[in-house]
Amino acid sequence: MVLRGTNQEQARPYNRRIVLECIRNGGPATRGDIAARVGLTVQTVSTIVRELEEQNYLLSVREAPKGRGLPPTTLRLNPDGGYAVGVSITPLGVEAALMNLAGDMLGRAARSHAHASPNEAFALIGELVAEMRALRQDGRILGVGLAMPGPFDVQSMSFVGPTTLDGWAGVPVRARLEEVSKLPAFIAADTVAAALGVRLYGEGAGIGQFYYLHFGVGLGGTMMQDGVPVRGAWGNAGEVGHIPLMPGGRLCPCGNAGCLERYLSLDAFSNRPDGQSQADWVAEVTPIFHSAIQTIENLFDPQTIVLGGIAPGALITQLVATTAVLPSSISARYDRTTPRVIASTGRQSVMRGAAALAVSGVLSPRQEIRSSPDRAPKRDPFSNGMAA
Numbered sequence: 006m007v008l009r010g011t012n013q014e015q016a017r018p019y020n021r022r023i024v025l026e027c028i029r030n031g032g033p034a035t036r037g038d039i040a041a042r043v044g045l046t047v048q049t050v051s052t053i054v055r056e057l058e059e060q061n062y063l064l065s066v067r068e069a070p071k072g073r074g075l076p077p078t079t080l081r082l083n084p085d086g087g088y089a090v091g092v093s094i095t096p097l098g099v100e101a102a103l104m105n106l107a108g109d110m111l112g113r114a115a116r117s118h119a120h121a122s123p124n125e126a127f128a129l130i131g132e133l134v135a136e137m138r139a140l141r142q143d144g145r146i147l148g149v150g151l152a153m154p155g156p157f158d159v160q161s162m163s164f165v166g167p168t169t170l171d172g173w174a175g176v177p178v179r180a181r182l183e184e185v186s187k188l189p190a191f192i193a194a195d196t197v198a199a200a201l202g203v204r205l206y207g208e209g210a211g212i213g214q215f216y217y218l219h220f221g222v223g224l225g226g227t228m229m230q231d232g233v234p235v236r237g238a239w240g241n242a243g244e245v246g247h248i249p250l251m252p253g254g255r256l257c258p259c260g261n262a263g264c265l266e267r268y269l270s271l272d273a274f275s276n277r278p279d280g281q282s283q284a285d286w287v288a289e290v291t292p293i294f295h296s297a298i299q300t301i302e303n304l305f306d307p308q309t310i311v312l313g314g315i316a317p318g319a320l321i322t323q324l325v326a327t328t329a330v331l332p333s334s335i336s337a338r339y340d341r342t343t344p345r346v347i348a349s350t351g352r353q354s355v356m357r358g359a360a361a362l363a364v365s366g367v368l369s370p371r372q373e374i375r376s377s378p379d380r381a382p383k384r385d386p387f388s389n390g391m392a393a
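Offset between the sequence shown (1-based) and my numbering: plus 5.
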């Protein structure tokens with residue numbers, strides 16, 4: 006989905022975000038390219054570009070001559086035009102990273118703390134954010150993004166059981182995060198954050214439609230449609246971990262039985278029988294994993310499924326290797342140009358995605374990436390006040 010600008014003068018703040026979004030998602034471009042993509046006049050784009058250059062968000066680079074005449078100027082994001090802090094909290098602990106506008110990770114730190122209470126977690130988050138901000142003391146820190154296990158606001162599933170933050174129900178997460186960080190705060194499920202990181206900086210770059218399957222302590226996923234996460238009515242679309250694929254199977258804390266993440270997750274892997282090797286465990290869960298792939302493909306019709314998360318890279322690679330031969334689904338096409346399943350073994354996707362939440366929340370015209378509860382007004386980085 007391509008966002009379009011408007012040439013009306015009162016829409017300038019929105020148009021600035023449109024231009025930044027165009028370059029951020031599409032890469033370096035000329036003024037003419039941008040105008041064609043977003044539906045603005047070249048004159049309007051030139052005015053916006055001049056303002057963004059003055060505010061240090063954009064850089065102009067003259068291309069090398071290829072013939073007669075003056076070569077065009079290409080516009081690209083200034084990597085040091087702003088920074089964001091990404092924070093990830095899981096049942097295993099808290100992690101934070103500092104990222105620039107180009108997606109480069111400039112620093113990273115973690116605190117191990119199993120099943121931290123809200124007070125314990127926010128104390129750790131405050132320490133980590135301070136460490137990250139100290140890496141660029143004179144830099145423009147746009148905000149902080151928090152990735153945390155979902156789903157959100159579901160009575161029987163949110164903040165219940167070993168794969169999520171048990172006991173966090175009712176916590177004003179955004180308010181607490183802004184209090185300890187002193188920054189604009191943006192929140193999303195870890196699956197959404199990781200999918201955004203993969204889309205912007207990883208294996209999903211250049212793939213318009215893909216499903217990101219997040220192998221964490223639990224199991225979740227997000228469908229990316231033209232660079233935007235498909236959220237659903239309450240922001241929980243794609244939560245495949247609670248699909249009951251095994252009727253009459255293992256009991257789940259959500260109250261159902263046979264949920265997928267009872268068999269396919271770090272929690273399930275950690276609780277495998279004593280003496281069972283990783284290879285034997287993968288062989289045991291392969292039929293269940295393949296059923297999950299079929300289900301996702303038939304529901305979402307993605308170009309590919311990206312398997313990633315906080316699981317060890319070797320485990321993700323081993324699971325993806327089993328998909329060389331898969332049962333039939335609507336994705337079993339003759340004209341495929343990508344495998345049905347690909348691996349994302351770098352554990353930085355969640356952190357990059359969490360930081361990108363803040364960048365998107367402050368600079369992007371889109372407002373889909375936010376948690377449903379505890380919302381805050383969107384701040385305008387181009388003025389001293391609040392956006393309307």
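Ideal Cβ positions, reconstructed from N, Cα and C, are used throughout, including at glycine.
Can you check the stretch 177-222 for any alpha helix (DSSP H) of at least 4 residues that lies completely inside it and give the ranges in chain order? Counting only runs that start and end inside the stretch 177-222, the alpha helix (DSSP H) elements of at least 4 residues fall at 178-186, 195-206.
Apart from the five residues just before and just after R21, which ones in its own chain have a Cβ nearer than 8 Å to its Cβ? Within the sequence shown, residue 21 is the residue found at index 16, counting from 1. So the list reads I53, E56, L57, F387, once near-sequence residues are dropped.
Those runs of the beta strand (DSSP E) which lie wholly inside the stretch 287-367 and span at least 3 residues: Whole beta strand (DSSP E) segments, 3+ residues: 309-314, 346-348.
Inter-stretch contact (C-beta, 8 Å, three-pair minimum) for the stretch 213-231 and the stretch 301-314: Note that the stretch 213-231 touches the stretch 301-314; at least 3 beta-carbon pairs, one per stretch, sit closer than 8 Å.
Could you check what DSSP says for V24 in three-state terms: helix, strand or coil? Looking up residue 24 in the sequence shown gives position 19. The three-state secondary structure of V24, taken from DSSP, is helix.
Would you call the stretch 219-238 and the stretch 278-287 touching, i.e. three or more CB-CB distances under 8 Å? No contact exists between the stretch 219-238 and the stretch 278-287.
Would you mind stating whether I347 and E208 have Cβ atoms separated by less than 7 Å? Position 342 of the sequence shown, counted from the first residue, corresponds to residue 347. Position 203 of the sequence shown, counted from the first residue, corresponds to residue 208. Yes, the Cβ-Cβ distance between I347 and E208 is below 7 Å.
Excluding sequence positions up to five away, which residues of its chain have a Cβ less than 8 Å from the Cβ of R181? Looking up residue 181 in the sequence shown gives position 176. Within the same chain, R181 has close Cβ partners P123, F127.
Determine the extent of the alpha helix (DSSP H) in which M229 is found, giving its start and end residues. Within the sequence shown, numbered from 1, the residue matching residue 229 stands at position 224. That residue, M229, is in no alpha helix (DSSP H); its beta strand (DSSP E) goes 224-230.
How far does the alpha helix (DSSP H) with V245 in it extend, from its first residue to its last? Looking up residue 245 in the sequence shown gives position 240. DSSP places V245 outside any alpha helix (DSSP H), giving it a letter other than H or E.
With distance defined between alpha-carbon atoms, name the residue in C259, P317, L201, V245 nearest to F274. The sequence position of residue 274 within the sequence shown is 269, counting from 1. Out of C259, P317, L201, V245, P317 has the C-alpha closest to the C-alpha of F274.
On the criterion of 16 or more Cβ atoms from any shown chain inside 10 Å, does Q372 qualify as buried, or is it exposed? For this step, residue 372 is matched to residue 367 along the sequence shown. Because Q372 carries a pLDDT of 46, less than 50, the predicted location of this residue cannot be relied on, and no value is offered for it.
With G313 and S354 assumed to form a contact (beta carbons below 8 Å), what rounded beta-carbon distance in angstroms separates them? Translated into positions along the sequence shown, residue 313 becomes position 308. Translated into positions along the sequence shown, residue 354 becomes position 349. Right, the Cβ-Cβ distance comes to about 6 Å (below 8 Å), so this counts as a contact.
Buried or exposed for L256, please, with buried defined as at least 16 other CB atoms from any protein chain shown within 10 angstroms of its CB. Residue mapping note: residue 256 aligns to position 251 of the sequence shown, counting from 1. The residue in question, L256, is exposed, as its Cβ has fewer than 16 Cβ neighbours within 10 Å.
Can you tell me whether DSSP reads S93 as helix, strand or coil? The residue you call residue 93 lines up with position 88 of the sequence shown. Strand at S93.
Just how far apart, CA to CA, sit G395 and I321? This structure cannot speak to residue 395, because the chain is shown only from 6 to 393.
Going by C-alpha distance, which of V99, A135, G144, D143 is nearest L151? By 1-based counting over the sequence shown, the position of residue 151 is 146. Of the candidates V99, A135, G144, D143, the one whose C-alpha sits nearest the C-alpha of L151 is V99.
Roughly how many angstroms lie between the CA atoms of K383 and R338, to the nearest whole one? Translated into the one-based positions of the sequence shown, residue 383 becomes position 378. Translated into the one-based positions of the sequence shown, residue 338 becomes position 333. Confidence at K383 is low in this model, with a pLDDT of 48, below 50, so its placement is unreliable and the value that follows should be read with caution. Each residue's alpha carbon lies about 43 Å from the other.
Tell me whether the beta-carbon of P84 lies closer than 7 Å to the beta-carbon of N105. Working through the sequence shown from its first residue, we reach residue 84 at position 79. Working through the sequence shown from its first residue, we reach residue 105 at position 100. Yes, Cβ-Cβ distance for P84 and N105 is below 7 Å.
By how many angstroms is the C-alpha of R67 removed from the C-alpha of L324? Residue mapping note: residue 324 aligns to position 319 of the sequence shown, counting from 1. Residue mapping note: residue 67 aligns to position 62 of the sequence shown, counting from 1. Going by C-alpha positions, L324 is about 46 Å away from R67.
Measure the C-alpha to C-alpha separation of D143 and K187 and round it to an integer number of angstroms. Taking the first residue of the sequence shown as 1, we reach residue 143 at position 138. Taking the first residue of the sequence shown as 1, we reach residue 187 at position 182. Distance between the alpha carbons of D143 and K187 is about 16 Å.
Given a threshold of 16 other Cβ atoms within 10 Å of its Cβ, counted over all protein chains shown, does D231 qualify as buried or as exposed? For the purposes of this step, residue 231 is taken as the residue at position 226 of the sequence shown. Under this definition D231 is an exposed residue.
By how many angstroms is the C-alpha of I28 removed from the C-alpha of L111? On the sequence shown, position 106 is the one that residue 111 refers to. On the sequence shown, position 23 is the one that residue 28 refers to. Taking the straight line from one Cα to the other gives about 21 Å.
Have a look at A319 and S349 and give me their C-alpha separation to the nearest angstrom. Start at 1 with the first residue of the sequence shown, and residue 319 comes out as number 314. Start at 1 with the first residue of the sequence shown, and residue 349 comes out as number 344. For A319 and S349, the gap between their C-alpha atoms comes out near 11 Å.
What residue does the alpha helix (DSSP H) around G131 start on, and which one ends it? Here residue 131 refers to the residue found at position 126 when the sequence shown is read from its first residue. Where G131 is concerned, the enclosing alpha helix (DSSP H) stretches over 123-139.
Distance, Cα to Cα, Y206 vs L80? Here residue 206 corresponds to residue number 201 of the sequence shown, with the count starting at 1. Here residue 80 corresponds to residue number 75 of the sequence shown, with the count starting at 1. Using only the alpha carbons, I get a separation of about 19 Å.
State the DSSP-derived secondary structure class of T52, mapped to helix, strand or coil. Position 47 of the sequence shown holds residue 52. If DSSP states are grouped into helix, strand and coil, T52 belongs with the helices.
If we call anything under 7 Å between Cβ atoms a contact, is L201 one with A363? Residue 201 sits at position 196 when you count from the first residue of the sequence shown. Residue 363 sits at position 358 when you count from the first residue of the sequence shown. In this structure, L201 keeps its C-beta atom at 7 Å or more from the C-beta atom of A363.
Among I146, I94, R145, D109, nearest to E125 - alpha-carbon criterion: As a position in the sequence shown, residue 125 is number 120, starting the count at 1. By alpha-carbon distance to E125, the top candidate from I146, I94, R145, D109 is I94.
Same chain, Cβ closer than 6 Å to Q299, neighbours up to 5 away in sequence not counted: Counting from one through the sequence shown, the residue named residue 299 turns up at place 294. The residues are P332, S334.
Rounded C-alpha distance that separates S296 from G226: The residue you call residue 296 lines up with position 291 of the sequence shown. The residue you call residue 226 lines up with position 221 of the sequence shown. S296 and G226: Cα-Cα distance of roughly 15 Å.
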